[in-house]
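Sequential numbering from 2 applies to the sequence shown in the numbering used here. We treat Cβ as the ideally placed atom computed from N, Cα and C, and that holds for glycine.
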Amino acid sequence: MNFYFSGTGNSMYIAEQLDTQSESIPQVMKSGKRVFQDRIIGLVCPIYGHEMPQMVKQFLKEAEFKTDYFYIILTYGRRHANAVELAKNYAESIGIKPAYIATLLMVDNFLPAFDMAQEVTLEKHVDRQLETIRKEIQSGCRKIEAVTEQDRAGHAEFLQNMKNLHVQAPYETYWGQFEVTDACIGCGICSKICPAGCISIIDQHAVHEKDGCQACYACIHSCPQTAIHLKIGEANPDARYRNEHISLSQLIKANHQK
Numbered sequence: 002m003n004f005y006f007s008g009t010g011n012s013m014y015i016a017e018q019l020d021t022q023s024e025s026i027p028q029v030m031k032s033g034k035r036v037f038q039d040r041i042i043g044l045v046c047p048i049y050g051h052e053m054p055q056m057v058k059q060f061l062k063e064a065e066f067k068t069d070y071f072y073i074i075l076t077y078g079r080r081h082a083n084a085v086e087l088a089k090n091y092a093e094s095i096g097i098k099p100a101y102i103a104t105l106l107m108v109d110n111f112l113p114a115f116d117m118a119q120e121v122t123l124e125k126h127v128d129r130q131l132e133t134i135r136k137e138i139q140s141g142c143r144k145i146e147a148v149t150e151q152d153r154a155g156h157a158e159f160l161q162n163m164k165n166l167h168v169q170a171p172y173e174t175y176w177g178q179f180e181v182t183d184a185c186i187g188c189g190i191c192s193k194i195c196p197a198g199c200i201s202i203i204d205q206h207a208v209h210e211k212d213g214c215q216a217c218y219a220c221i222h223s224c225p226q227t228a229i230h231l232k233i234g235e236a237n238p239d240a241r242y243r244n245e246h247i248s249l250s251q252l253i254k255a256n257h258q259k
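Set out below in structure tokens:
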């Protein structure tokens, strides 16, 4: 079995390709179940600011995994820095000893920096990477992906940038930066797809609350009217993304909290 967190479908796709018994972390958190047992148990999630999403960390902290083989797959777009090391350190700090951790390069859906229209044209050989990871996990390979000093320097640079912005954690950078324009028709898709339940529809208009926000951009990418934007600017405000193998209804089912 494995568990995943996914805003635009990338990690969901990988999780489902690795194991037919895949469960959405937002849904598991809502169910209250916290003890899991299997021969192999895995986690698939994106990295935000080179770390696992806050909800993923909370899930790992609250859960008990009865297995001899726990793996973590971290999906990313351009730079993973020392994400593997950070994930390993966090897992071990709460009593989980990963047998295998790897990163997997996919479309980068970080809107402030990347144009989705360009990103989807880049060949990142996802299936080739996935097949290598699948074979290693199935064979019981015990391997933690190597982290370089350059990787660590990349994260240190990121943390300094965060410090200059006077924020305590990377995801705080985007709190209050979500803007819902008059193009909103109150369809409710953003409310249904938010994994943290941070969006409500009031008077036929979406309202975003920062408390609990994971900064996953699921709401922005999934809005059919392109009515949700970031106040800090975007590389291409008209381009949005969802993994081509995952439908909108699948993402809503995985993330819906209300």
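- Go through its chain and collect everything with a Cβ distance to Asn237's Cβ below 7 Å, but skip five positions before and after it. On the sequence shown, residue 237 is found 236 positions in, with the first residue counted as 1. In chain order, Asp116, Met117, Ala118 place their CB closer than 7 Å to the CB of Asn237, counting only its own chain and leaving out the 5 sequence neighbours on each side.
- Compare the C-alpha of Leu1 against each of Arg153, Glu146, Ile145, Thr104 and name the closest. No information on residue 1 is available, as it lies outside the stretch 2 to 259 that the chain covers here.
- Message: Using CA atoms only, rank isn't needed, just tell me which of Ser25, Glu124, Ile95 is closest to Gly78.
- Response: Position 77 of the sequence shown, counted from the start, is the residue given in the question as residue 78. Of Ser25, Glu124, Ile95, the residue nearest in Cα terms is Glu124.
- chain D beta carbons: is any one of them nearer than 8 Å to that of Ala154? No chain D is present in this structure, which holds just one protein chain.
- Measure the C-alpha to C-alpha separation of Gln258 and Met56 and round it to an integer number of angstroms. In the sequence shown, the residue the question calls residue 258 occupies position 257. In the sequence shown, the residue the question calls residue 56 occupies position 55. Rounded to whole angstroms, Gln258 to Met56 spans 13 Å at the Cα level.
- Local Cβ density within 10 Å of Val127, reported as buried at 16 or more and exposed below that: Within the sequence shown, the letter at position 126 stands for residue 127. Buried: at least 16 other Cβ atoms inside 10 Å.
- Count the other CB atoms within 10 Å of the CB of Val85; is the residue buried (16 or more) or exposed (fewer)? Taking the sequence shown and counting its residues from 1, one reaches residue 85 at position 84. Taking all protein chains in view, the Cβ of Val85 is crowded by 16 or more other Cβ atoms within 10 Å, so the residue is classified as buried.
- Query: Between which two residues does the alpha helix (DSSP H) harbouring Ile253 extend?
  - Reply: Reading the sequence shown from its first residue, position 252 is the one you call residue 253. Counting along the chain, Ile253 sits inside the alpha helix (DSSP H) bounded by residues 249-256.
- Would you list, in sequence order, the uninterrupted alpha helix (DSSP H) runs of no fewer than 4 residues that lie entirely inside the stretch 27-89? Runs of the alpha helix (DSSP H) inside the stretch 27-89: 55-63.
- Task: Please find out if some non-hydrogen atom of the ligand SAM comes closer than 7 Å to the beta-carbon of Cys199.
- Result: Looking at this structure, you won't find the ligand SAM or any other ligand, since it has none at all.
- Counting Cβ pairs, one atom from each stretch, are 3 or more of them under 8 Å apart for the stretch 143-151 and the stretch 32-39? In short, these stretches do not touch, since the Cβ pair count stays below three.
- Query: Nearest CA to the CA of Ile97: which residue from Asp212, Val108, Leu19, Thr68?
  - Reply: Here residue 97 refers to the residue found at position 96 of the sequence shown. Distances from the alpha-carbon of Ile97 to those of Asp212, Val108, Leu19, Thr68 put Thr68 closest.
- Message: By alpha-carbon positions, which one of Gln22, Glu158, Pro225 ends up nearest to His81?
- Response: Here residue 81 refers to the residue found at position 80 when the sequence shown is read from its first residue. Relative to the Cα of His81, the nearest Cα in the group Gln22, Glu158, Pro225 belongs to Glu158.
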